[in-house]
Amino acid sequence: MKMTIALAVAAFALMGATSARADLTFEDYTVTDLGGGVFGYGGSFRNDTAADILANGFSFAGFAGLTTDSYLGDIDFTDLPKTFIPGESANSAEWFTVTVPSGFTGPIVGSFFLTGDNGVVGTIDVGGAVPEPGAVAMVGGALVSGGLLMMRRRRK
0 MKMTIALAVA AFALMGATSA RADLTFEDYT VTDLGGGVFG YGGSFRNDTA ADILANGFSF
60 AGFAGLTTDS YLGDIDFTDL PKTFIPGESA NSAEWFTVTV PSGFTGPIVG SFFLTGDNGV
120 VGTIDVGGAV PEPGAVAMVG GALVSGGLLM MRRRRK
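Now the structure itself:
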């Protein structure tokens, strides 16, 4: 059983994941195809701490070969700085967009950061490399082998 769980975790890590870090919790992640090679990334930032959190800017990292643009959802650019009080959420269908040029073959990988006076207060991490079919087959084979091994042990 432990082996099967470890293999499933490895498979999830291999496929790439969306995460949040810092002070604000990010949830309800969505990606919307807006047409013309433009994708909108949305969701909700929420303050689960007991203190106010100041967001006074934003930045990007990664997204090599792509064009990014920011929309701050419920927070208009003119609303910055914005203080999230405990329990407050800010939702958006599109916190930011990524434009993929014609002929682009690489993965969409990067991060969007909400920043405050003391650094990053909220993060949306996007993607990860698309796994090679051979790598997916290896992980699948390992999961099947682990399951067969567990069934064999139970029969004895």
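Position one of the sequence shown corresponds to residue 0 (numbering that gives the first Met the number 0), numbered consecutively onward. A virtual CB, placed ideally from N, CA and C, is assigned to each residue, including glycine.
Do Leu33 and Glu93 come within 9 Å of each other at the CB atom, strictly closer than that value?
Yes, Cβ-Cβ distance for Glu93 and Leu33 is below 9 Å.
Review point. Just the Cα atoms here: how many angstroms apart are Thr122 and Gly146?
Key: Each residue's CA atom was taken as its position, placing Thr122 and Gly146 some 36 Å apart.
Can you tell me whether Arg151 is buried or exposed? The criterion is at least 16 other CB atoms within 10 Å of its CB, across all chains shown. Arg151 should be labelled exposed.
Exposed or buried, Ile52, counting other C-beta atoms within 10 Å across all chains shown (16 or more means buried)?
-> In this structure Ile52 is buried. Its beta-carbon is surrounded by 16 or more other beta-carbon atoms within 10 angstroms.
- Task: Return helix, strand or coil for Gly102, following the three-state DSSP convention.
- Result: Correct three-state label for Gly102: coil.
Handout entry: Whole-angstrom distance between Leu148 and Phe103, CA atom to CA atom
Key = The straight-line gap from Cα to Cα measures roughly 42 Å.
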